[in-house]
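First comes the structure, then the notes that go with it.
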Amino acid sequence: MTAAAGTARATTYDQLVEQVLARELGPDPATQRIAVAFTTRQAVRHDGRGTGYRNEVLSLRLAGAVGSCAVEPGTLPDGALDECVGADVGRLLDHPLLPVRVAALDAYLMHVTPHTPDSGARTVQLPPGTSLEKSRARAKAVVELLDLQPGAQVLVVGVVNSLLEGLRSRGLRYVPCDLKGGTTEWGETVAADALAEAERCDALLVSGMTLGNGTFESLRQHALRHRKQLVMFAQTGSAVLPRFLGQGVSAVCAEPYPFFWLDGGPGVLHRYRADGPGTRPGGDR
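For the record, in the sequence shown the residue sitting at position 186 is 186 according to the UniProt record's numbering, with numbers rising by one throughout.
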C-alpha cells in the first residue's frame, strides 16, 4: 500500500510528533483546540471469572475526534483535565505528563486521518452481548492478526484473559507480561520486564498502553531488528499506532472511544496490516 501524505509512516514516535509540529500531516496543531477532556474509570469482573481489574482512560475531544490514553488508576492529577480543556494540541504535545501528550497526539491524528478504508482500515463489527462475550469477540479479532503456526510462542504485553484464551484456542503458547506482575486467571506468573522476555518469543502481541508508559519504542525496535510480528491492540493511541506499520508494527487492531466495555450494544474495531488487507491467512475477509 502506498501511503498518501496524510497517512505517511513514521520511523520513531519522536519523529511522528515532529511531523505533526512541522504541519506535515495536517493543520498547525497550535490552531487545534481541545473542546472536552474527560476520564473513564472502570472496574470489572466478568461473570465466571475469578479475578477482576480496573481501567482508567484519559480522553480528549478535538472537533469530532476523540483521542485516548490509558493511565494507571488514580495516578492522573486532578488538575490535568483543566489543563487540557481549551488548550491547543501544539501546547499539549509538550505537556509534562506523557499520557496527556499521547492523548493529544491521538486526537490530532484521529481528526486528520479517521479510521476509514482510504487510510487502510478494515472495519470489524462487534456483536452486542455481555461484557465477557464482547471481550472474547474483541480478542478473536485481535488474535486473527497473528500469522503463526501452532506451537509458536507469543509475548503478550498487557494481560487480557480473553486474549490468552484466544491464543490457546489456536494452539499458541504465550508469555504474559505486565508492569505490575502478578498472575493470570489461571495462576500463570506474569513477568514484569517485557523486553527481557521478548528474546524467547516468536511474535509480540502488545497493548497500546505501552505508548502511555514509555515502553512502546523498545518493543517496536526489538520487533524491527529481529523481524518478528508485532501486533498492537489499541484503545490507547488507536490513530497513532497505524503510523508505524512496516516500521516494526505488522498489524493494529484499533479501538477508538467508545470502548467495547462501556455498554452491551454493538461495537466497531478497525484492523490494519503493514502489507495491506486480506493478504494473510486468517485476516480480514
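Idealized CB from N, CA, C, for every residue including glycine.
- Linking R243 to Y13 through their CA atoms gives a straight-line distance of about 9 Å.
- Under the 10 Å beta carbon count, P176 is surrounded by 16 or more other beta carbons and is classified as buried.
- Counting C-beta pairs with one atom in each stretch, the segment 255 to 265 and the segment 218 to 232 have fewer than three that are closer than 8 Å, which means they do not touch.
- Residues of the same chain with a CB within less than 6 Å of the CB of P73, apart from the 5 flanking positions on each side, are R54, E56 in chain order.
- Ranking F38, L211, L145, A196 by CA distance to the CA of V85 puts F38 first.
- The way I'd put it, the segment 76 to 92 doesn't touch the segment 134 to 142; fewer than three beta-carbon pairs between them come closer than 8 Å.
- The C-alpha of D202 lies about 6 Å from the C-alpha of A152.
- Looking at the DSSP output, R271 sits in a beta bridge with R122, C253.
- Runs of the beta strand (DSSP E) spanning 3 or more residues and lying entirely within the UniProt domain "Putative heavy-metal chelation" (142 to 232) occur at 153 to 157, 173 to 177, 203 to 207, in chain order.
- For V112, the enclosing alpha helix (DSSP H) stretches over residues 98 to 112.
- Taking one beta carbon from each stretch, the segment 209 to 222 and the segment 96 to 104 have 3 or more pairs nearer than 8 Å; the two touch.
- Of the residues assessed, E144 falls on the buried side of the cut-off, its CB having 16 or more other CB atoms within 10 angstroms.
- Separation of G166 and G248 (C-alpha to C-alpha, rounded to the nearest whole angstrom) is 23 Å.
- Contact annotation, Q15 with D88: C-beta distance approximately 21 Å; criterion of less than 8 Å not satisfied.
- When DSSP states are grouped into helix, strand and coil, A139 belongs to the helix group.
- With a 10 Å radius around the Cβ and a threshold of 16 neighbouring Cβ atoms, E255 comes out buried.
- Residue pairing for C84: DSSP places it in no beta bridge.
- V71 sits buried, since 16 or more C-beta atoms from the chains shown fall within 10 Å of its C-beta.
- When the Cα atoms are used, P150 and Y174 turn out to be separated by approximately 11 Å.
- H115 is the residue among S131, H115, T130, L132 whose C-alpha sits nearest the C-alpha of V124.
- Residues of the same chain with a CB within less than 7 Å of the CB of T183, apart from the 5 flanking positions on each side, are T189, V190 in chain order.
- At a Cβ-Cβ threshold of 8 Å, L126 and P266 count as neighbours.
- Under a 10 Å Cβ-count criterion, A121 is classified as buried, with 16 or more other Cβ atoms of the shown protein chains found around its own Cβ.
- If you draw a straight line from the Cα of L195 to the Cα of L219, it comes to about 7 Å.
- Assigned with DSSP and collapsed to three states, V89 falls in helix.
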